[in-house]
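Only one structure is covered here, and it is reproduced in the block below.
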Amino acid sequence: MKAGLPKKVGIGLLVVLVVLQFFQPNKNQGEKLGQNDIYQVAMTPSLVQTALETSCFDCHSNSTVYPWYTRIQPIGLWMQYHVNEGKEELNFSEFKTYTPKRQAHKLDEIVEMIEEDEMPLASYTLIHKNAVLTEEQKVQILEWAKASAKEIRTKANLPEPSAAAN
Ligand code: HEC
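Numbering (the working numbering), first residue to last: 12 to 177.
Shown next as structure tokens:
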């Protein structure tokens, strides 16, 4: 076998990495809070606000804090993919624009995600240690999300979701 092949593969990879650096994804840097944010819809205690903004807003709002290493590709592209996907599912900055039915359903989903420890994403807390929710924060978020869903449904005359529907 020729010794030159591994070297060529190595150079090829290096070229790919260098070229990748020219692809800087569009950044998510709009208004975090405004007239349509979730606090306009749901009474949110400041402890819960802090938890949401620290642990969820990077992927679920119009404003992401980008650590320096997200300027390195493909890390930044990977992060942006999560931000886009996360915002599409749930955007706290635009929560008020959802129908009451959708708002209540999103709050149900938040309960589910917290109970099952699915959010924040593990790949995110691996680096963002401060985004790991404490047991107390989880209890507070759960209480808040359940009460808010209930209030939204009562105001809009919506039925409680049946236990079977999920
Ligand atoms: C690193 C990015 C990231 C962070 C941080 C994050 N999420 Fe998510 N979230 C996503 C992505 C991506 C999706 C959509 C794909 C999926 O469900 O895995 C999602 C989906 C969701 C959904 C919808 C789930 C469903 O049933 O469709 C909810 C609710 C949610 N996240 C809540 C939260 C809450 C609450 C926090 C903070 C405690 C949080 N997320 C933190 C990326 C994130």
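Idealized CB from N, CA, C, for every residue including glycine.
In this text, all values refer to a predicted model and were calculated from it rather than measured experimentally.
Is the beta carbon of Met54 less than 9 Å from the beta carbon of Ser173?
For Met54 and Ser173, no; Cβs fall outside 9 Å.
Please determine, among Met90, Arg82, Thr75, Lys19, the residue with the shortest C-alpha to C-alpha distance to Asn102.
The residue with the shortest Cα to Cα distance from Asn102 is Thr75.
Using only CA atoms, which one of Leu31, Val143, Asn168 lies nearest to Trp89?
Measuring from the Cα of Trp89, the nearest candidate turns out to be Leu31.
Quick check: the Cα distance between Asn177 and Asp119, rounded to an integer number of angstroms?
Confidence in Asn177 is poor, its pLDDT being 49 and thus under 50, which makes the residue's placement unreliable; the coordinate value appears in the next sentence. Taking the straight line from one Cα to the other gives about 9 Å.
DSSP puts Ser74 in a beta bridge; with which residues?
DSSP output for Ser74 lists Gln40 as bridge partner(s).
How would you call Trp155, buried or exposed, if buried means at least 16 neighbouring beta carbons within 10 angstroms?
Label assigned to Trp155: buried.
Could you say which of Ser66, Val59, Phe106 lies nearest to Gln46 if we only look at CA atoms?
Per the Cα distances, Phe106.
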